[in-house]
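Chain order of the listed sequences is A and B. Just so you know, the working numbering puts 503 at position 255 of the first sequence, and the rest follows in order with no gaps. Just so you know, the working numbering puts 82 at position 81 of the second sequence, and the rest follows in order with no gaps. For each residue, glycine too, the CB sits at the ideal point set by N, CA and C.
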Amino acid sequence: MVLFYLFVTLFVLVSVAPLLWVFKMSIVTKTELFASPPTFLPQHTTGSHWHTIFANRDFLLALRNSVIIAGITTIVCLFFGSIAAYAIARLRFRFKSTVLTFILAVAFFPQVAIIAPLFKQFSDIGLINTYWAAIIADTVFALPLTVWLLVAFFKELPKDLEEAARVDGATTLQAFRKVIVPLAAPGVFTAAILTFIQAWGDYLFALTFLFTASTQPVTVVIPNFAGIHTIDYGAQAAAAVVVTVPLVILVLIFQRRIVSGLTAGAVKG
Amino acid sequence: MTTAAKPRRRGGGWLKEEFGNPERRTAYLMVLPVFVIVLAVAFYPVADAIWLSLHGGTPTITGSFVGVQNYVNMFQNSDFQSGLVNTIIFTVASVTIELVVGMAIALAINRSFRGRGLVRAAVLIPWAFPTVISATMWRLMFQDQVGVISYVAHALGLVSHPILSDQTLLMIACVIVDAWKTTPFMALLLLAGLQTIPGDVYEAARVDGANAIQRFIRITLPLLKPTMLVALLFRILDAYRVFDLFWVLGGQQLESLSTFVYQSVRVSQLQFPEGNAAAVFIFISALLIALFFIRVLGMQTSTEE
């Protein structure tokens with residue numbers, strides 16, 4: 249039994265150690281950062297790296313950009329995805345499996361395969377270096393996840409809900425709006441979290457379509473976090489921690505939802 | 002309720018059946034936006050990429066039709082070749098580690114214990130980080146002057162030069178980071194699958210004298226097969242398409258199939274045609290891998306219950 253808890257502790261430690269270590273890197277002085285051997289516990293702490301990043305206009309803009317891009321992507325995916333997922337899960341129509349296969353197949357597409365054609369198309373309609381280029385690309389790759397999750401969720405709802413609504417004289421759409429939508433909240437919420445996490449983590453599309461500090465999200469800005477002459481390691485560490493803190497909080501609070509959402513499709517599928 | 006088992010009618014019969022029925026019309030309207038988005042932003046660009054790959058040219062000017070010449074050039078391109086080799090090695094190594102270690106962890110924690118929620122949260126953290134952030138963090142730890150892992154590796158005599166300048170060491174680093182990020186996720190997935198296996202099956206086997214290994218091979222593995230296949234396919238395709246990790250951890254020096262495409266179509270414009278060919282190559286090979294899983298290994302893709 250002791251062995252079991254030891255093992256579990258080790259598992260947890262390995263998972264969070266990098267975050268803790270990089271956090272330590274973000275609060276120690278530059279001298280201590282370069283110390284050899286490296287210190288285990290921080291000895292000379294400083295807030296200067298954190299000050300640096302929050303005084304950095306590009307970093308603050310990047311945070312704003314990430315929130316906007318991931319946020320709008322999530323809303324778009326949820327809106328269209330939940331409607332489509334409902335139809336696939338609960339309504340009868342002939343080409344249902346074809347449609348679902350098309351949607352889910354996109355999850356297997358290599359993202360790099362479409363960056364050249366999309367770049368050309370987005371250039372032609374003037375979307376390059378606007379949020380919409382990233383939002384559209386992120387949406388199409390997040391939709392399979394959203395739809396997959398919500399189909400599994402909608403299938404779990406009691407079977408006679410629509411029947412009861414129809415007896416009361418409702419059309420399909422009315423049944424959806426008045427009966428299903430209120431019940432869809434937990435599933436949609438889980439889908440929102442997972443979609444947001446995925447959209448927040450996009451790198452390739454942001455790298456390809458967005459070029460200035462006014463549009464680039466944190467994923468593009470942080471790997472290049474440059475100091476005066478070279479990479480400012482302390483600041484980069486602080487920036488990395490800042491970006492992950494909201495994610496850590498999200499995960500800590502909603503871990504049960506996240507796991508059940510992720511495993512619902514794979515196990516019951 | 003007679004719509005369930007209607008016999009199929011040939012010819013134009015289905016059009017009226019599908020669009021004449023108001024419920025079905027609504028259903029089609031409901032899936033239409035997503036379907037259109039997916040066709041326009043995913044399928045159409047892929048078709049465009051295939052068309053582009055058969056022509057020469059630059060990102061701004063499409064050249065003349067060259068047939069499969071771009072593919073021939075691509076296979077002979079040394080960057081592509083190292084990208085292909087690196088990608089295959091990375092895929093095999095990381096997926097194997099993640100499956101084996103993930104399975105071991107799932108088996109080990111397959112019981113209720115206090116603090117289970119905290120454990121789940123803690124191990125979801127690596128999964129939740131954007132890959133480039135994880136890559137940045139680990140790169141800090143591998144870095145020659147400030148990196149703790151670099152220090153320890155040097156102290157133990159494992160390496161004698163900067164980790165981040167060595168292709169082999171970079172590959173090992175990438176596998177480590179990918180395993181760190183994904184093994185917990187695999188473990189959670191497999192654990193969910195394990196929990197659908199009723200305990201009495203094991204009980205009966207134990208009564209029949211089967212030992213732990215036999216129980217694992219004869220009961221656990223077969224019953225876990227559907228979950229494992231889905232998890233495996235997703236992991237293999239994710240690893241096969243690796244970009245973020247190689248690009249950031251490798252400081253743009255480590256080649257994968259996807260980094261080759263990105264370099265060719267966005268950075269150095271000279272290899273634009275080969276890049277397009279490589280993009281299509283990745284797409285088709287990914288498709289073949291998925292088909293293999295579905296047809297040969299019998300992965301379940303049923304959308305009905």
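*Output the distance between the C-alpha atoms of residue 206/B and residue 412/A, rounded to the nearest integer angstrom.*
The sequence position of residue 206/B within the second sequence is 205, counting from 1. The sequence position of residue 412/A within the first sequence is 164, counting from 1. Answer to the nearest angstrom: the Cα atoms are 46 angstroms apart.
*Where the region 256 to 274 of chain A meets chain B: residues whose CB sits under 8 angstroms from a CB there*: So the close ones are 256, 259, 260, 262, 263, 264, 266, 267, 269, 270 and 273.
_Nearest to residue 186/B (by Cα), restricted to the options 170/B, 228/B and 46/B_ = As a first step, residue 186/B is located in the second sequence; it is residue number 185 there, counting from the start. Nearest of 170/B, 228/B and 46/B to residue 186/B, Cα basis: 228/B.
*Hey, how far is the Cα of residue 265/A from the Cα of residue 290/A?*
Position 17 of the first sequence holds residue 265/A. Position 42 of the first sequence holds residue 290/A. Straight through space, the alpha carbons of residue 290/A and residue 265/A are spaced by roughly 15 angstroms.
*Just tell me which of 398/A, 414/A, 343/A and 379/A has its CA closest to the CA of residue 431/A.*
Walking along the first sequence from the start, residue 431/A turns up at place 183. Checked all of 398/A, 414/A, 343/A and 379/A; the closest Cα to residue 431/A is 398/A.
_Status (buried if at least 16 other CB within 10 Å, exposed otherwise) for residue 90/B_ = Position 89 of the second sequence, counted from the start, is the residue given in the question as residue 90/B. Its Cβ having fewer than 16 others within 10 Å, residue 90/B is exposed.
*Any Cβ of chain B within less than 8 angstroms of the Cβ of residue 511/A?*
For the purposes of this step, residue 511/A is taken as the residue at position 263 of the first sequence. So yes, residue 511/A belongs to the interface.
_Residue-level contact to chain A via CB, residue 75/B, 8 angstroms cutoff_ = Here residue 75/B corresponds to residue number 74 of the second sequence, with the count starting at 1. Chain A, which has no Cβ nearer than 8 angstroms to the Cβ of residue 75/B, makes this no.
_Short CB-CB distance (under 8 angstroms) between residue 434/A and chain B_ = On the first sequence, residue 434/A is found 186 positions in, with the first residue counted as 1. Output row for residue 434/A: interface = no.
*Opposite residue 66/B in the DSSP bridges: which residues?*
Against the second sequence, residue 66/B aligns to sequence position 65. Beta-bridge pairing links residue 66/B to 56/B.
*Proximal residues, the region 373 to 390 of chain A versus chain B, C-beta separation under 9 angstroms*: Flagged, chain order: 384, 385, 387, 388 and 389.
*Less than 8 angstroms separating the beta-carbons of residue 317/A and residue 383/A?*
Position 69 of the first sequence, counted from the first residue, corresponds to residue 317/A. Position 135 of the first sequence, counted from the first residue, corresponds to residue 383/A. A distance below 8 angstroms separates the beta carbons of residue 317/A and residue 383/A.
*In whole angstroms, what is the alpha-carbon distance linking residue 264/B and residue 276/B?*
For the purposes of this step, residue 264/B is identified with residue 263 of the second sequence, where counting begins at 1. For the purposes of this step, residue 276/B is identified with residue 275 of the second sequence, where counting begins at 1. Answer to the nearest angstrom: the Cα atoms are 8 angstroms apart.
*Contact with chain B by residue 336/A, beta-carbon distance below 8 angstroms*: Stepping through the first sequence from its first residue, residue 336/A is reached at position 88. Yes, residue 336/A counts as interfacial toward chain B.
*Would you check if the region 162 to 170 of chain B and the region 132 to 151 of chain B touch, i.e. whether three or more CB-CB distances between them fall below 8 angstroms?*
Yes: the two stretches touch, three or more of their Cβ pairs being nearer than 8 angstroms.
*Can you tell me the Cα-Cα spacing of residue 476/A and residue 300/A, whole angstroms?*
Numbered from its first residue, the first sequence carries residue 476/A at position 228. Numbered from its first residue, the first sequence carries residue 300/A at position 52. At residue 476/A the pLDDT is 47, less than 50, meaning the model places this residue with poor confidence and gives no usable figure here.
_Cβ closer than 7 angstroms: which chain A residues qualify as neighbours of residue 137/B?_
Position 136 of the second sequence, counted from the first residue, corresponds to residue 137/B. Per Cβ cutoff of 7 angstroms: 470, 471, 484 and 488.
*Mind checking if residue 383/B is an interface residue toward chain A, Cβ cutoff 8 angstroms exclusive?*
Residue 383/B is absent from the model: chain B starts at 2 and stops at 306.
*Whole angstroms is fine: what's the gap from residue 319/A's alpha carbon to residue 444/A's?*
Locating residue 319/A in the first sequence gives position 71, where the first residue counts as 1. Locating residue 444/A in the first sequence gives position 196, where the first residue counts as 1. When rounded, the separation of the alpha-carbon atoms in residue 319/A and residue 444/A is 7 angstroms.
*asked:* Can you check whether the C-beta of residue 504/A is within less than 8 angstroms of a C-beta belonging to chain B?
replied: Within the first sequence, residue 504/A is the residue found at index 256, counting from 1. Proximity of residue 504/A to chain B, defined by a Cβ-Cβ separation below 8 angstroms, is satisfied.
*Anything in chain A within Cβ reach of residue 24/B, meaning under 7 angstroms, just list it in chain order.*
In the second sequence, the residue the question calls residue 24/B occupies position 23. Chain-ordered, the chain A residues with CB closer than 7 angstroms to the CB of residue 24/B read 339 and 420.
*Run the proximity test for residue 204/B: is its beta-carbon closer than 7 angstroms to any non-hydrogen atom belonging to the ligand MN?*
Judged by which ligands are present, the structure shown has none, so any question about the ligand MN falls away.
*Stretch-stretch touch, CB-based, cutoff 8 angstroms, three pairs: the region 290 to 299 of chain B with the region 228 to 238 of chain B*: These segments touch.
_alpha helix (DSSP H) segment containing residue 341/A, residue limits_ = Here the question's residue 341/A lines up with position 93 in the first sequence. For residue 341/A, no alpha helix (DSSP H) run applies, since DSSP gives it neither H nor E.
*Are the region 418 to 427 of chain A and the region 65 to 76 of chain B touching by the rule of at least three beta carbon pairs closer than 8 angstroms?*
The region 418 to 427 of chain A makes no contact with the region 65 to 76 of chain B: fewer than 3 CB pairs, one atom from each, lie closer than 8 angstroms.
_On the CB-based measure, 16 or more other CB atoms within 10 Å of its CB, does residue 269/A come out buried or exposed?_
Numbered from 1 along the first sequence, position 21 holds the residue referred to as residue 269/A. The residue is buried, with at least 16 neighbouring Cβ atoms inside 10 Å.
*Smallest Cα separation from residue 235/B: which of 96/B, 124/B and 156/B?*
Position 234 of the second sequence, counted from the first residue, corresponds to residue 235/B. Ranked by Cα distance from residue 235/B, the options 96/B, 124/B and 156/B are led by 96/B.
*asked:* Is there a C-beta anywhere in chain A that falls below 8 angstroms from the one on residue 152/B?
replied: Position 151 of the second sequence holds residue 152/B. Answer yes: the Cβ-Cβ gap between residue 152/B and chain A drops below 8 angstroms somewhere.
*By the criterion of Cβ-Cβ separation under 7 angstroms, what are the contact partners of residue 141/B in chain A?*
Residue 141/B sits at position 140 when you count from the first residue of the second sequence. Under the 7 angstroms cutoff, chain A gives 270, 273, 481, 484 and 485.
*Straight-line CA distance for residue 416/A to residue 33/B?*
For the purposes of this step, residue 416/A is taken as the residue at position 168 of the first sequence. For the purposes of this step, residue 33/B is taken as the residue at position 32 of the second sequence. If you take the alpha carbons of residue 416/A and residue 33/B, they lie about 27 angstroms apart.
*Tell me where the alpha helix (DSSP H) around residue 472/A begins and ends.*
In the first sequence, residue 472/A corresponds to position 224, counting from 1. Element bounds for residue 472/A: n/a, residue is neither H nor E.
_According to DSSP, simplified to helix, strand and coil, what is residue 276/A?_
The residue you call residue 276/A lines up with position 28 of the first sequence. It is a strand residue.
_First and last residue of the uninterrupted alpha helix (DSSP H) at residue 490/A_ = Locating residue 490/A in the first sequence gives position 242, counting from the first residue. Residue range 481 to 511 is occupied by the alpha helix (DSSP H) that includes residue 490/A.
*Give the secondary structure of residue 419/A by DSSP, where H, G and I count as helix, E and B as strand, and everything else as coil.*
Numbered from its first residue, the first sequence carries residue 419/A at position 171. Residue 419/A falls in the coil class under three-state DSSP.
*Work out the CA separation of residue 251/A and residue 152/B for me, nearest whole Å.*
Taking the second sequence and counting its residues from 1, one reaches residue 152/B at position 151. Taking the first sequence and counting its residues from 1, one reaches residue 251/A at position 3. Distance between the alpha carbons of residue 152/B and residue 251/A is about 30 angstroms.
*Hey, residue 519/A and residue 332/A: beta-carbon distance below 8 angstroms or not?*
Absent from the structure is residue 519/A, since the part of chain A shown begins at 249 and ends at 517.
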